[in-house]
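Read the structure below first, then the notes.
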Amino acid sequence: MATSRSTRIVLYVYGILVIFFLYLPLVSVAFASVSKARYLSFPIKRYSTKWYGEALDSSTVSNLLVTSLSVAVLVTIISVVIAFFGALAFARYQWRYRTTFQKLILLPIFFPQTVLGLALLMWFNSLGIIPSWKTAVVAHLVWIAPIATLI
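As numbered in my numbering, residues 1 to 151 make up the sequence shown, in order.
Dropping the structure here:
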């Protein structure tokens, strides 16, 4: 199906506008974070990165950063291993309940992440499990392992 040149141009411009609309808040926050003024206004008269220095010097922020990176690395390693063996099973073998298992593995993807996270938090609380970095790993695996398996 051939599209006309004007259609391609309109779609290209539309794509650029959508990307601009999505990234505008992020760019605004970046500008606001280096402005010394109480409210963001243009042009920015005084710049400061003082808050970044204070955040990096804070032991709380550095501990949270280490915990976040540790959870990310652990979830990545576990999900890659699970996905590898799951994809290998789907690609090489036929078994009785294969389609049912595939639908079951897809189920977490259809829930919004916020709803899934809240449901997992309520489930952990009902089991008497105190939320920690370990429950964060499990919660992330519930969401990312099916996606990695299917990819």
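Beta carbons: idealized from backbone N, C-alpha and C, even for Gly.
Here Val34 really is in contact with Tyr47; their C-beta atoms are around 5 Å apart, less than 8 Å.
In the structure shown, Ser6 adopts helical secondary structure according to DSSP, grouped into three states.
Straight through space, the alpha carbons of Phe101 and Ala148 are spaced by roughly 15 Å. By a beta-carbon distance limit of 8 Å, Leu120 does not contact Ser79. Their separation comes to about 16 Å.
Per DSSP, Gln94 lies in no alpha helix (DSSP H) segment and is marked neither H nor E. The secondary-structure analysis by DSSP pairs Tyr47 across a beta bridge with Ser35. The alpha-carbon separation between Val115 and Arg5 amounts to approximately 43 Å. At the C-beta level, Ala145 and Gly117 stay beyond 9 Å of one another. Annotation: Tyr52 to Val61 spans about 11 Å, alpha carbon to alpha carbon.
Going by beta carbons, Ile44 and Ala37 fall inside the 9 Å limit. Runs of alpha helix (DSSP H) with 4 or more residues, each lying fully within the stretch 42-89, are found at 50-57, listed in chain order.
When secondary structure is reduced to three states using DSSP, Leu127 falls in the coil class, being assigned neither helix nor strand.
Between Gln113 and Trp143 the beta-carbon gap is near 6 Å, inside 8 Å, which marks them as a contact. By the CB criterion at 9 Å, Val137 and Val71 fall inside the cutoff.
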